[in-house]
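Engineer: Below you'll find the structure I mean.
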Ligand code: PLP
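Residue numbers (the UniProt record's numbering): 3 to 286.
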């Protein structure tokens, strides 16, 4: 792969970052993952806006202009000949040359890393046909989940717990209510009402969540932005999750309880199809 590091495109084996980089020592870094279909970026303005917000919440200087971020992404797609897959982008506070809790002086430049991950099954994901089985776990992350930082160990541990339990994913709960998935936002559907937790510092403001809500509204569903419990989710007609890498994926079992007949529901399937069609059309 040809990857990007601080202004240079180079083979992945030659891309080296300092051991003193704050991203490495303190997870002092934010990231974005943008999907690519037909060699074009899905919902890129949304990812760019959230990147700007994450950086600003942490007082990390945004090192590039919007147009440069776009060129960088397009250049990686072209250099790697990728038609379908993901682009991972990370900005850390940079390398102050030593370890210190205090933020370094403003002249320390942020470190920018980006690379492609080629996939051929983003749109034709077999899990869209089978549905996902999930378990719930206590949310043990920090209280600013709206900032997309690389502190991913709790999510990593939860994914391993899901794997050990023989299921596909984990949903986090807090104070008896579902927050979100390990790397996704979650939705339930009951009698034509689409229910999802409202935006706050408790969850990541998903780019796919926003698009899915817009499309669901246009399709005539009643949107209810409120938190729900696992009990309520288990009694729902349908459930699904959203993320840039999985789009809209049906959930068919929660903590061992099947939803409906245990097959992906019609609304989840429709929303996935509409999302992919719309996003392909608007890709850049
Ligand atoms: N919630 C969390 C914790 C995530 O890590 C992600 C994506 O990685 C999402 C939600 C979904 O966000 P998006 O749709 O912007 O990918």
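Beta carbons are placed, not taken as given, at the ideal position from N, Cα and C, and that holds for glycine.
Can you give the Cα-Cα distance for residue 249 and residue 151, rounded to whole angstroms?
Structural biologist: Between residue 249 and residue 151, the C-alpha separation is close to 21 Å.
Engineer: So the candidates are 43, 256 and 33; which of them puts its Cα closest to the Cα of residue 173?
Structural biologist: Cα-wise, what sits closest to residue 173 is 256.
Engineer: Per DSSP, residue 97 forms a beta bridge with which residues?
Structural biologist: In the DSSP output, where bridge partners are listed per residue, residue 97 has none listed.
Engineer: Tell me the residue span of the beta strand (DSSP E) that contains residue 12.
Structural biologist: Where residue 12 is concerned, the enclosing beta strand (DSSP E) stretches over 10 to 13.
Engineer: Going by the C-beta, is residue 52 closer than 8 Å to any heavy atom of the ligand PLP?
Structural biologist: Checking the Cβ of residue 52 against the ligand PLP gives yes.
Engineer: Classify residue 49 as helix, strand or coil using the three-state DSSP reduction.
Structural biologist: Residue state, collapsed to three classes: helix.
Engineer: Is any heavy atom of the ligand PLP found at a distance shorter than 8 Å from the C-beta of residue 121?
Structural biologist: No, Cβ of residue 121 sits at least 8 Å from all heavy atoms of the ligand PLP.
Engineer: For residue 114, which option in 258, 272, 70 and 145 has the closest C-alpha, if you only look at C-alpha atoms?
Structural biologist: Ranking 258, 272, 70 and 145 by Cα distance to residue 114 puts 70 first.
Engineer: Which word fits residue 136, buried or exposed, when buried means at least 16 other C-beta atoms lie within 10 angstroms of its C-beta?
Structural biologist: Under this definition residue 136 is a buried residue.
Engineer: Between residue 72 and residue 32, is the Cβ-Cβ spacing less than 9 Å?
Structural biologist: Not in contact: residue 72 and residue 32 (Cβ atoms no closer than 9 Å).
Engineer: DSSP on residue 161, reduced to helix/strand/coil?
Structural biologist: Helix, per DSSP.
Engineer: Does the ligand PLP have a heavy atom nearer than 8 Å to the CB of residue 147?
Structural biologist: Yes; taking the cut-off as 8 Å, the Cβ of residue 147 has a heavy atom of the ligand PLP nearer than that.
Engineer: With distance defined between alpha-carbon atoms, name the residue in 238, 210, 231 and 264 nearest to residue 274.
Structural biologist: Per the Cα distances, 210.
Engineer: Give the C-beta separation of residue 188 and residue 241 to the nearest angstrom, bearing in mind that I take them to be a contact with Cβ-Cβ under 8 Å.
Structural biologist: With a Cβ gap of about 7 Å, residue 188 and residue 241 count as contacting.
Engineer: Go through its chain and collect everything with a Cβ distance to residue 197's Cβ below 6 Å, but skip five positions before and after it.
Structural biologist: The answer, listed in chain order, is 190, 226 and 230.
Engineer: Keeping to the same chain, check which residues put their C-beta closer than 7 Å to that of residue 27; ignore five residues upstream and five downstream.
Structural biologist: Same-chain partners within the cutoff: 101.
Engineer: Should residue 89 go down as buried or exposed, given a rule of 16 or more other Cβ atoms within 10 Å for buried?
Structural biologist: Classification of residue 89: buried, given that the 10 Å Cβ count is 16 or more.
Engineer: Quick one: is residue 143 buried, meaning 16 or more other Cβ sit within 10 Å of its Cβ, or exposed?
Structural biologist: Answer is buried; the Cβ neighbour count reaches 16.
Engineer: Under a Cβ-count criterion, where at least 16 other Cβ atoms within 10 Å of its own Cβ denotes burial, should residue 254 be classed as buried or exposed?
Structural biologist: With 16 or more other Cβ atoms within 10 Å, it is buried.
Engineer: Taking the C-alpha atoms as reference points, what is the distance between residue 163 and residue 157?
Structural biologist: Going from the Cα of residue 163 to the Cα of residue 157 covers about 10 Å.
Engineer: To the nearest angstrom, report how far apart residue 35 and residue 78 are at their CA atoms.
Structural biologist: In a straight line, the C-alpha of residue 35 is about 13 Å away from that of residue 78.
Engineer: Using a Cβ-Cβ cut-off of 7 Å (strictly less than) and excluding sequence neighbours within five positions of residue 277, which residues of its own chain qualify?
Structural biologist: Counting only Cβ-Cβ distances below 7 Å, and skipping sequence neighbours, we find 213, 214, 217, 249 and 250.
Engineer: Taking 8 Å as the cut-off, is the CB of residue 184 close to at least one heavy atom of the ligand PLP?
Structural biologist: It does: the Cβ of residue 184 is within 8 Å (strictly closer) of some heavy atom of the ligand PLP.
Engineer: Could you name the residues that DSSP lists as bridge partners for residue 5?
Structural biologist: In DSSP, residue 5 forms a bridge with 12.
Engineer: Within 8 Å: the Cβ of residue 211 and any heavy atom of the ligand PLP?
Structural biologist: At least one heavy atom of the ligand PLP is nearer than 8 Å to the Cβ of residue 211, so yes.
Engineer: Are there 16 or more other CB atoms within 10 angstroms of the CB of residue 282, so buried, or fewer, so exposed?
Structural biologist: By the 10 Å Cβ count, residue 282 comes out exposed.
Engineer: Measure the alpha-carbon distance for residue 118 versus residue 134 and round it to whole angstroms.
Structural biologist: In a straight line, the C-alpha of residue 118 is about 26 Å away from that of residue 134.
Engineer: How long is the line joining the alpha carbons of residue 43 and residue 270, rounded to whole angstroms?
Structural biologist: Cα to Cα, the separation comes out at about 23 Å.
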